[in-house]
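Report on the structure given below.
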Amino acid sequence: MTLETCFDNLWLLFPNMRTAVALCLALLLLAPVQGDLTSVEDTPPLQDQSSNETIITVDSTNLRFSPSSVTVTEGETVRFFWSGQALPHNAVEANGVFDSGEPERNVDYAFTFEPGMNGTYDFVCEPHAAFGMVGQIIVDPAPMPPPSNQSDNESNMSQDEDMDTPALPAVLALATVMLAAAVRTRRD
Numbered sequence: 544m545t546l547e548t549c550f551d552n553l554w555l556l557f558p559n560m561r562t563a564v565a566l567c568l569a570l571l572l573l574a575p576v577q578g579d580l581t582s583v584e585d586t587p588p589l590q591d592q593s594s595n596e597t598i599i600t601v602d603s604t605n606l607r608f609s610p611s612s613v614t615v616t617e618g619e620t621v622r623f624f625w626s627g628q629a630l631p632h633n634a635v636e637a638n639g640v641f642d643s644g645e646p647e648r649n650v651d652y653a654f655t656f657e658p659g660m661n662g663t664y665d666f667v668c669e670p671h672a673a674f675g676m677v678g679q680i681i682v683d684p685a686p687m688p689p690p691s692n693q694s695d696n697e698s699n700m701s702q703d704e705d706m707d708t709p710a711l712p713a714v715l716a717l718a719t720v721m722l723a724a725a726v727r728t729r730r731d
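Numbering (our numbering), first residue to last: 544 to 731.
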């Protein structure tokens, strides 16, 4: 008995459940989508979400930093990272705020912009500045913390309400069961 024959026999055994089975399969296929439904365009392109790092690399072919301009917030880290480059590079801020050191082919240097450091920082690759290998980091002020006039009770209550919100799979499962019951009732 082939696998195809098994499925054909199951469809014949459960004719009233075809819609329910199809909906369950659709639910299983759509369940992984329920995570974060924001589009890729909504997130910063070179931001490491787990550690608040923005990564700047080099494009040795065109002698450019990539990206050449980034915007971060006070308290965030900019990481200069490249390895195996044909030419040695470094990243030096014009006023000496940060300096990745001597030009090297492999660099992993991070600098954190502490609160109070908002502003614009221009940096260069010293050996290739004349070729236009320059960049800019714009540091926005850190957002003001929300006023703490809420009592702890109110904030705990709002967190509990968020936890009670049904997730997409639960809603889809309930809709599938209700539709299957309606189809079965209509056919009986």
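Every residue, glycine too, gets a C-beta built ideally from N, C-alpha and C.
For residue i, which beta-bridge partners are listed by DSSP?
{"i": "Thr-655", "result": "Thr-620"}
{"i": "Glu-636", "result": "Phe-666"}
{"i": "Val-615", "result": "Val-682"}
{"i": "Glu-645", "result": "DSSP output for Glu-645 lists no bridge partner at all."}
{"i": "Val-677", "result": "Val-667"}
{"i": "Val-650", "result": "Trp-625"}
Look at the alpha carbon of residue i and the alpha carbon of residue j, and state the distance between them as a whole number of angstroms.
{"i": "Phe-623", "j": "Gly-675", "result": "17 Å"}
{"i": "Val-640", "j": "Pro-690", "result": "33 Å"}
{"i": "Glu-617", "j": "Ala-718", "result": "46 Å"}
{"i": "Gln-577", "j": "Met-721", "result": "Its pLDDT being 46, under 50, Gln-577 is placed unreliably by the model, and the measurement read from it follows with that caveat. Approximately 20 Å, taken between the alpha carbons."}
{"i": "Asn-649", "j": "Ala-685", "result": "32 Å"}
{"i": "Ser-612", "j": "Glu-636", "result": "13 Å"}
{"i": "Asn-595", "j": "Arg-607", "result": "23 Å"}
{"i": "Pro-658", "j": "Asn-638", "result": "18 Å"}
{"i": "Met-687", "j": "Tyr-652", "result": "29 Å"}
{"i": "Leu-662", "j": "Val-682", "result": "According to the sequence provided, residue 662 is Gly. The question's Leu does not apply to it. If I take the Cα positions, the gap works out to 5 Å."}
{"i": "Asp-665", "j": "Ala-672", "result": "12 Å"}
{"i": "Gly-619", "j": "Asn-605", "result": "Position check: residue 619 holds Glu in this sequence, whereas Gly was assumed. Rounded to whole angstroms, Glu-619 to Asn-605 spans 28 Å at the Cα level."}
{"i": "Ile-598", "j": "Ala-716", "result": "41 Å"}
{"i": "Gly-627", "j": "Ser-609", "result": "16 Å"}
{"i": "Met-660", "j": "Cys-668", "result": "22 Å"}
If contacts are defined as beta-carbon pairs under 8 Å, then residue i and residue j qualify, I think. What distance do you get, rounded to the angstrom?
{"i": "Val-615", "j": "Ile-680", "result": "7 Å"}
{"i": "Ser-643", "j": "Ala-634", "result": "5 Å"}
{"i": "Phe-654", "j": "Val-677", "result": "The Cβ separation is near 17 Å, so there is no contact."}
{"i": "Glu-647", "j": "Pro-670", "result": "The Cβ separation is near 11 Å, so there is no contact."}
Tell me the residue span of the beta strand (DSSP E) that contains residue i.
{"i": "Ser-609", "result": "607–609"}
{"i": "Asp-602", "result": "596–602"}
At the 7 Å Cβ level, is residue i part of the contact set with chain B, yes or no?
{"i": "Pro-686", "result": "The question asks about chain B, but that chain is absent: this structure has only one protein chain."}
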